[in-house]
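Numbering (numbering that gives the first Met the number 0), first residue to last: 0 to 713. By construction, the Cβ of each residue, glycine as well, lies at the ideal position given by its N, Cα and C atoms. These figures come from a predicted structure and were not determined experimentally.
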Amino acid sequence: MQPDVNNLRDVALNYDVEKLATVVDPQAVPEDIAGATDDDKKRNFAVVLQQNLFTLEPTAVLQRMVRDAEVPIASEALRTNVVNFLANQPDFNIRTTSVYTALRNPDAFKGVAEDHRVGVVEQLKTLQRVQALSPVPEAVPVLMQANLTSAFHVAEMPESTFLNAYGDALGEGTARQVYTNAINSRIRNEQALMTMRETVRGTGLAIIDRGQTIESRMASLQEVADKQHVPLNLESLFGGMDYCECEECTSVYSPASYFVELLQFLRNNDLDPKSKKLNNDPKSIADTPLEKLFRRRPDLGCLELTCQNTNTVLPYIDLVNEVMESFVVHLSEYHADGHTPKQTTLEVFNVEDEVSSELLAQPQHINYEAYSILKNAVYPFTLPYHQPIDAIRIFLKFLATSRYELVDTYREATVKCDKSSLTEVEQQELQKLHDITLDRAADAEFLGMTQEEYIILTKEAFWPKRYFDLTQQKEYAEDEYRQHIGVKQVYEYYGYATEDEMLDTKEKDSLGLTFVKLQFLPRTGILYVDLVDLLKTRFINPNYPQGQALALMESIRFSYRFLQTLVDITSTNPVVRFAKLVDFLEQNQPLVPLLEAKLHPDPCQQHKPDWCISGKDLHDWVYCSFERIGQLIVLESGEGPQLPIEGQLLTHKEGLDPLVGTLHKDGMIIDKDGKRIGNVTITGQVVTTNGEPFAEKYGDLVIDDENDNFVGSI
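Right, dumping it as structure tokens:
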């Protein structure tokens with residue numbers, strides 16, 4: 000030992016683990032100390048001695064750790080001044096005596112610069128809080144480095160999260176003890192605060208309080224604290240005791256308290272519970288559920304915890320509308336944001352002087368800018384929305400009338416144009432156009448439509464183009480007129496940025512409207528059953544067959560794509576063009592009822608195997624309806640006979656281009672120009688469009704996939 004070491008405090012001040020290990024006698028090491036070698040055992044025993052010193056002389060151990068830079072402190076000057084403060088008071092026990100008591104010592108700041116005293120006090124408070132959590136000295140720097148400088152910070156996170164993050168650095172046993180100490184300390188502190196608060200505020204029962212006022216009880220408690228030399232200030236603990244008379248504002252069971260506790264819970268629960276690195280900055284919410292919540296609802300973090308916000312009753316729909324209106328106004332900022340998920344911008348409205356009766360009668364924070372945007376929006380199909388007209392309709396309905404009746408009844412009798420150059424004939428035409436405008440407005444209102452919706456359907460406003468031609472004395476082009484009244488591009492009505500996106504047919508992206516389930520139905524809001532009914536209308540499908548033609552089409556059980564392969568597309572003569580198709584149907588269609596009776600026997604339904612279609616009916620149907628059916632808009636299920644392979648057809652026949660075409664899974668063979676040159680029949684034969692064997696014309700062929708790998712041959 001050094002000659003200046005006279006007691007345990009001196010040992011704690013001058014010996015760290017390494018120095019203790021050098022003075023440990025190997026023979027004095029207890030047998031239960033682990034270690035593979037004598038040096039390992041000496042060092043492990045030194046660790047035990049250091050932990051015992053921390054228990055007996057915590058202040059001296061911390062002073063040495065600060066001096067030796069084992070404890071993280073912002074600057075060397077602050078580190079030196081903390082050491083000086085502790086050296087000035089050798090009898091100060093940081094574990095049992097409050098730092099506030101140590102500050103009263105006249106020599107406390109001897110040798111401490113004036114401008115560093117505030118920092119020294121804060122650092123001492125931190126050391127006192129952290130050592131109270133630490134069962135061993137090694138835990139102090141770990142907790143301070145992680146900014147876990149109070150029991151509150153540690154206890155706010157789940158135990159599993161804390162152990163997972165700091166179990167390796169502290170050791171699982173030490174980490175569990177730190178967390179237990181934090182929980183116990185927090186419970187003790189909260190209990191003490193509640194007891195003092197109840198003592199000061201009283202019970203509210205005169206028989207118990209005996210007529211004492213809050214001021215007298217505060218004075219009594221302060222007197223006891225002063226006699227015990229306890230640095231207690233009730234106003235700093237609880238704030239002004241007579242500031243708020245609202246019971247809920249001073250209750251941990253109030254809605255505001257629950258709200259704050261919920262936000263704290265989200266703040267202190269990491270999204271990755273297995274993470275070894277936690278964000279312990281009290282001002283940071285990065286990578287927490289609270290961050291994700293504030294990305295969607297940033298207004299929640301700005302709500303004031305006031306009695307007005309807590310107790311004022313208002314319609315929930317008003318809150319919903321405030322959020323949605325604000326979101327619409329700031330939609331461009333949302334789309335431009337680069338975060339994941341995107342950051343929303345929302346206005347915050349705190350209740351101030353409003354009362355519930357006012358808020359229940361009329362919304363107070365209507366953002367009309369949002370409705371100006373919605374009035375001109377065209378996607379989704381529920382837009383545009385004209386809020387003023389909607390409100391007028393509701394009020395008029397309450398008055399047992401309608402906006403249609405007003406528009407239709409109160410018409411202006413005549414209209415004149417200020418343009419003096421109009422002739423009498425043009426003035427008469429203008430009057431007719433005025434009547435047309437009023438008729439359109441009335442008709443649209445009868446159907447519950449605004450002018451913006453009328454423009455979408457008709458590509459004309461209530462005022463025809465000719466009206467502007469006359470009144471402006473200018474001949475407008477059709478496109479110019481449509482642009483003037485706000486007609487959009489077709490793709491905009493379906494929510495696309497470009498026409499190419501709307502017409503895209505690539506299976507990989509499934510972006511275009513041809514993908515009915517993924518795009519068309521969600522973008523239009525139409526149900527599938529309604530879409531099927533729409534396709535059966537003559538407005539959508541004017542070529543949809545009726546009567547006998549429809550019955551005959553439904554009786555045919557062969558796919559249209561297959562029947563198309565039997566058409567001679569090189570001929571315009573119907574007899575030649577449809578000869579193979581007619582011949583095929585005449586031979587095979589009579590077999591359909593027989594096959595259905597055999598394959599799908601139904602005892603409740605009488606089959607008529609002798610029923611057949613006459614040859615004349617087949618001829619008439621093929622000549623009149625077959626190609627018209629090919630012009631129908633249909634819903635492609637994607638199901639049907641498919642080949643197991645597809646790819647490029649390559650030949651070695653002399654005089655021919657090696658690349659003959661492409662074989663698709665539906666059996667079609669398409670050349671480089673997109674023209675059909677053959678197909679695989681239902682029997683597996685490969686034929687040209689003329690019905691000739693494909694190999695006779697093109698020779699033996701191989702099939703290569705998109706990676707040029709051989710997959711088959713013809």
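{"Query": "When DSSP labels each residue in this structure, what does residue 432 get in the three-state scheme?", "Result": "helix"}
{"Query": "With DSSP as the reference, label residue 410 as helix, strand or coil.", "Result": "coil"}
{"Query": "Between the segment 291-310 and the segment 330-344, are three or more C-beta pairs nearer than 8 Å?", "Result": "yes"}
{"Query": "Helix or strand or just coil, what does DSSP make of residue 609?", "Result": "The pLDDT assigned to residue 609 is 46, lower than 50, so where the model puts this residue is not dependable, and the model offers no usable value."}
{"Query": "Short check: CB of residue 325 to CB of residue 299, under 8 Å?", "Result": "no"}
{"Query": "Within the continuous alpha helix (DSSP H) that includes residue 560, where are the two ends?", "Result": "559-563"}
{"Query": "So, helix, strand or coil for residue 647, using DSSP?", "Result": "strand"}
{"Query": "Counting C-beta neighbours from all protein chains within 10 Å, is the total for residue 542 16 or more, i.e. buried, or is it exposed?", "Result": "exposed"}
{"Query": "Measuring only the C-alpha atoms, how far is residue 359 from residue 391?", "Result": "20 Å"}
{"Query": "Rounded to the nearest angstrom, what separates residue 695 and residue 499 at their Cα positions?", "Result": "41 Å"}
{"Query": "From residue 266 to residue 186, what distance separates their C-alpha atoms?", "Result": "20 Å"}
{"Query": "Which stretch, first to last residue, makes up the alpha helix (DSSP H) that contains residue 53?", "Result": "37-55"}
{"Query": "Run the CB neighbour count on residue 609, radius 10 Å, all protein chains shown included, and call it buried at 16 or more, exposed below.", "Result": "Legend: pLDDT at residue 609 = 46, less than 50; position of this residue unreliable, value from coordinates given subsequently. Exposed, since its Cβ has fewer than 16 Cβ neighbours within 10 Å."}
{"Query": "Is the separation between the beta-carbon of residue 61 and that of residue 139 shorter than 8 Å?", "Result": "yes"}
{"Query": "Does the ligand NAD have even one heavy atom less than 7 Å from the beta-carbon of residue 388?", "Result": "Among the components of this structure there are no ligands whatsoever, and the ligand NAD is therefore not found."}
{"Query": "Could you work out which residue in 26, 199 and 547 is closest to residue 44 when comparing CA atoms only?", "Result": "26"}
{"Query": "Among 465, 52 and 269, which has the Cα closest to the Cα of residue 156?", "Result": "269"}
{"Query": "Alpha carbon to alpha carbon, how far is residue 379 from residue 587?", "Result": "48 Å"}
{"Query": "For residue 707, does the three-state DSSP call read helix, strand or coil?", "Result": "coil"}
{"Query": "Taking residue 195 as part of the alpha helix (DSSP H), name the residues at either end of that continuous run.", "Result": "171-200"}
{"Query": "Just to check my reading of the structure: residue 136 and residue 264 have Cβ atoms closer than 8 Å, yes? What is that Cβ distance to the nearest angstrom?", "Result": "Contact flag wrong, Cβ pair sits at about 32 Å."}
{"Query": "If you measure between the beta carbons of residue 285 and residue 327, is that distance less than 8 Å?", "Result": "no"}
{"Query": "Decide if residue 460 is buried, meaning its Cβ has at least 16 other Cβ atoms within 10 Å, or exposed.", "Result": "buried"}
{"Query": "What are the boundary residues of the alpha helix (DSSP H) that includes residue 546?", "Result": "546-554"}
{"Query": "Pop quiz: residue 122 and residue 71 are said to be a contact at Cβ under 8 Å. What is the actual Cβ separation, rounded to whole angstroms?", "Result": "Incorrect: roughly 10 Å between the Cβ atoms, too far for contact."}
{"Query": "Is it right to say residue 575 is buried, meaning 16 or more other beta carbons lie within 10 angstroms of its own, or is it exposed?", "Result": "exposed"}
{"Query": "Ends of the alpha helix (DSSP H) at residue 143?", "Result": "138-144"}
{"Query": "Taking only the alpha-carbon atoms, compute the straight-line gap between residue 435 and residue 321 and give it to the nearest angstrom.", "Result": "40 Å"}
{"Query": "Taking all protein chains shown into account, decide if residue 80 is buried (16 or more other Cβ within 10 angstroms of its Cβ) or exposed.", "Result": "buried"}
{"Query": "Measure the Cβ-Cβ separation of residue 117 and residue 84 and say whether it is below 8 Å.", "Result": "no"}
{"Query": "Identify the residues that DSSP records as bridge partners of residue 692: which are they?", "Result": "686"}
{"Query": "Which residues bound the beta strand (DSSP E) around residue 675?", "Result": "675-679"}
{"Query": "Return the residue from the list 590, 441 and 203 that minimises the CA-CA distance to residue 408.", "Result": "441"}
{"Query": "Which residue comes first and which comes last in the alpha helix (DSSP H) that contains residue 574?", "Result": "573-576"}
{"Query": "For residue 351, I'd like the list of residues in its chain whose CB is within less than 7 Å of its CB, leaving aside the five on either flank, ordered along the chain.", "Result": "307"}
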